[in-house]
Amino acid sequence: TDSITVGELAKRMGIKANELIRELMQQGSMVTINHPLDFDTAALLASEYNYEVENVAFDEATILEEVPVIKEGEEAPEDLRPRPPVVTVMGHVDHGKTSLLDAIRAANVTAGEAGGITQHIGAYYVELEGRKITFLDTPGHEAFTAMRARGAKATDIVILVVAADDGVMPQTREAINHAKAADVPIVVAINKIDKPDSNPERVKQELTEFGLVPEDWGGETIFAEVSAKQHINIDQLLEMVLLQAEVLELKANPGKRGRGIIVEARLDKGRGPVATVLVQEGTLHIGDPIVSGVHFGRVRSMVDDRGNRVDEAGPSMPVEVTGLSGVPDAGDLLYAVEDEKKAKDVAQHRQQKLREAELAKTSKISLDQLFAKI
Ligand code: GTP
Ligand code: MG
354 TDSITVGELA KRMGIKANEL IRELMQQGSM VTINHPLDFD TAALLASEYN
404 YEVENVAFDE ATILEEVPVI KEGEEAPEDL RPRPPVVTVM GHVDHGKTSL
454 LDAIRAANVT AGEAGGITQH IGAYYVELEG RKITFLDTPG HEAFTAMRAR
504 GAKATDIVIL VVAADDGVMP QTREAINHAK AADVPIVVAI NKIDKPDSNP
554 ERVKQELTEF GLVPEDWGGE TIFAEVSAKQ HINIDQLLEM VLLQAEVLEL
604 KANPGKRGRG IIVEARLDKG RGPVATVLVQ EGTLHIGDPI VSGVHFGRVR
654 SMVDDRGNRV DEAGPSMPVE VTGLSGVPDA GDLLYAVEDE KKAKDVAQHR
704 QQKLREAELA KTSKISLDQL FAKI
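The sequence shown lines up with residues 354 to 727 when you count with the UniProt record's numbering.
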């Protein structure tokens, strides 16, 4: 734990232990030289001697049991279970990203589901013959790059939408570059094949320049020709995504404490901070103490993309979570931890670091201004 003895603190500050004991006595605590001081007490005491205490014992990663990158072999193979792929749709403006996401969701809404397409939580999953696929609902490159900038990898597969009547355009290229940089495989959806002037062969030809070569041309890229508007070949596209997912052999250990990524978050008038979490490792349960960014709390409620209340959420499941003390940023990681104190410690430690960073920034600015005046 984060503590230091009276004797050790005195030694570090170059004063006699007796002096510190006397000081503490004046403050009303009778202590011995071996008495442990917690971080706050030590910091306060030290400040009286013009010292600053740095909390080196505070090891965030240990508390969070964080494994930055799960390397093969680090996790016991018998604990790993297959998990659904997480898919992002990218492509040029107006090529049909939103229409495609809508068509996929509509194809998956069973007649019995009241109200048809339900809640928007920023992510949803579909099922094809019992196999699940999770879709991130935020098409576009910004969400993707924002998450990548934070070192988070939220996506397993990118569906690249290219309109068959328009072909490869600037944002198509951008999307390809993003996916390649993130080492995420691309499944190509040639869209708008219902249009009379559509030319899927030309799109394939154009994409070969980027190394995206269809299998029937001797390459390795999976293509599907669809119409989001007319709902043509949507199931076939999902099949192709599952095929790509099989190649990736996606696995996770659902037996651990939950860890996920914030897809989106907002402040709800009635429910407080509400965050859509994509669970990436382990299982998140109601009541779990959690920390995300500089916020902490307990999972108070979880709702899936269909608006159903759920008690737990495993790998690749998106859920809307309430119970955090504040609104985290998209791309922040969320951890379930052992107890709420730990969640609070981590959050407060981060808050403090943030404040320090901001203070350093402002003092730097004022120094610069000072020099500017001279
Ligand atoms: P941005 O979000 O603005 O980048 O566009 P988007 O990629 O989400 O495209 P969106 O789904 O909004 O579709 C753009 C236009 O293309 C709309 O008018 C759609 O109705 C139309 N569209 C999308 N898919 C198809 C299709 O399969 N066939 C035809 N004919 N039109 C389509
Ligand atoms: Mg759109």
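Beta carbons are placed, not taken as given, at the ideal position from N, Cα and C, and that holds for glycine.
Does the Cβ of Gly449 lie closer than 7 Å to at least one heavy atom of the ligand GTP?
-> Position 96 of the sequence shown holds residue 449. Yes, the ligand GTP has a heavy atom inside 7 Å of this Cβ.
The region 515 to 522 in contact with the region 435 to 447 per 3-pair CB rule at 8 Å | yes
Measure from the alpha carbon of Gly449 to the alpha carbon of each residue in Val440, Leu513 and Leu433, then state which is nearest.
-> Start at 1 with the first residue of the sequence shown, and residue 449 comes out as number 96. Comparing Cα-Cα distances from Gly449 to each of Val440, Leu513 and Leu433, the minimum goes to Leu513.
Option in Lys695, Arg458, Thr636 and Phe488 with minimal Cα separation from Ala667 = Along the sequence shown, read from residue 1 onward, the residue named residue 667 stands at position 314. The displayed chain sequence assigns Gly, not Ala, to residue 667. When each option's Cα is compared against that of Gly667, the closest is Thr636.
Does the region 605 to 612 touch the region 664 to 683, meaning 3 or more C-beta pairs lie closer than 8 Å?
-> yes
Span of the beta strand (DSSP E), counted from its first residue to its last, around Ile357 | Here the question's residue 357 lines up with position 4 in the sequence shown. Counting along the chain, the beta strand (DSSP E) containing Ile357 begins and ends at Ser356 to Thr358.
Would you call the region 471 to 485 and the region 550 to 567 in contact, with 3 or more CB pairs under 8 Å?
-> no
To the nearest angstrom, how far is it from the Cα of Val511 to the Cα of Ala460?
-> For the purposes of this step, residue 511 is identified with residue 158 of the sequence shown, where counting begins at 1. For the purposes of this step, residue 460 is identified with residue 107 of the sequence shown, where counting begins at 1. About 20 Å.
Taking 7 Å as the cut-off, does the CB of Gln589 come closer than this to any heavy atom belonging to the ligand GTP?
-> Counted from its first residue, the sequence shown places residue 589 at position 236. False, no ligand heavy atom lies under 7 Å from that Cβ.
Thr574 - DSSP class collapsed to helix/strand/coil = Walking along the sequence shown from the start, residue 574 turns up at place 221. In this structure, Thr574 counts as strand in the three-state DSSP scheme.
Measure the C-alpha to C-alpha separation of Leu687 and Thr675 and round it to an integer number of angstroms.
-> Here residue 687 refers to the residue found at position 334 when the sequence shown is read from its first residue. Here residue 675 refers to the residue found at position 322 when the sequence shown is read from its first residue. Going from the Cα of Leu687 to the Cα of Thr675 covers about 12 Å.
Could you tell me whether any non-hydrogen atom of the ligand GTP is closer than 7 Å to the CB of Gln633?
-> Position 280 of the sequence shown holds residue 633. For the ligand GTP, not one heavy atom lies less than 7 Å from the Cβ of Gln633.
Relative to the ligand GTP, is the shortest distance from any of its heavy atoms to the C-beta of Asn661 smaller than 7 Å?
-> Numbered from its first residue, the sequence shown carries residue 661 at position 308. For the ligand GTP, not one heavy atom lies less than 7 Å from the Cβ of Asn661.
Which value, in whole angstroms, describes the spacing of the CA atoms of Lys714 and Asp682?
-> Here residue 714 refers to the residue found at position 361 of the sequence shown. Here residue 682 refers to the residue found at position 329 of the sequence shown. So the two alpha carbons sit approximately 21 Å from each other.
Going along the chain, which unbroken runs of the alpha helix (DSSP H) with 4 or more residues stay wholly within the region 613 to 663?
-> none
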